[in-house]
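Encoded as structure tokens, the structure appears first; notes follow it.
Numbering (the numbering used here), first residue to last: 1025 to 1165.
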């Protein structure tokens, strides 16, 4: 396809029309993103902006890993499947608001720290995680 030649006046008119259209554009509403994800600041590691950046970087990795798989490189299939699963998990996080992994980031380099918001208690009144630790220690001895 041949590129259309424009005069300087036409280029200026097109640029002003484009600028006018960008100014009239409304901000994104993100109707398909969970409200708790939208409530996070943009500089948070699991915000919409950050997660979309992780998805974009992971999709670039997927294309590289597909080429590596075609070259029969060792471990390429396992890495490809892992990155594809990470992208699926990130998309489900945006949709549902529940993060499914223990690490986040472009290379999954940052750990997720869990915090108990509503502890569970057993019949004797002990917190359940304390009981699990005691059982674990009992079987190690």
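Built from N, CA and C at the ideal position, the CB exists for glycine as well. The structure presented is a predicted model; accordingly, all values stated were derived computationally and were not measured.
query	result
Residues bridged to residue 1127 [DSSP beta-bridge criterion]	1135
Within 8 angstroms, strictly: CB atoms of residue 1076 and residue 1107	no
Beta-carbon proximity list for residue 1060, same chain, < 7 angstroms, skipping 5 on both sides	1121
Sufficient close CB pairs (3 or more, under 8 angstroms) joining the stretch 1080-1100 to the stretch 1110-1117	yes
Neighbourhood of residue 1062 by C-beta distance below 7 angstroms, restricted to the same chain and skipping five residues each side	1054, 1072
Assigned secondary structure, residue 1054 (DSSP; H/G/I helix, E/B strand, else coil)	coil
Range of the contiguous alpha helix (DSSP H) that encloses residue 1062	1059-1062
Residues that DSSP places opposite residue 1090 in a beta bridge	Bridge partners of residue 1090: none, in fact.
CA-to-CA distance, residue 1044 to residue 1105, given in whole angstroms	44 angstroms
Three-state class that DSSP yields for residue 1095 in the structure shown	coil
Beta-carbon spacing of residue 1119, residue 1058 below 8 angstroms	yes
Beta-carbon spacing of residue 1100, residue 1092 below 8 angstroms	yes
Contact set for residue 1133: own chain, Cβ-Cβ below 8 angstroms, skip 5 residues either direction	1127
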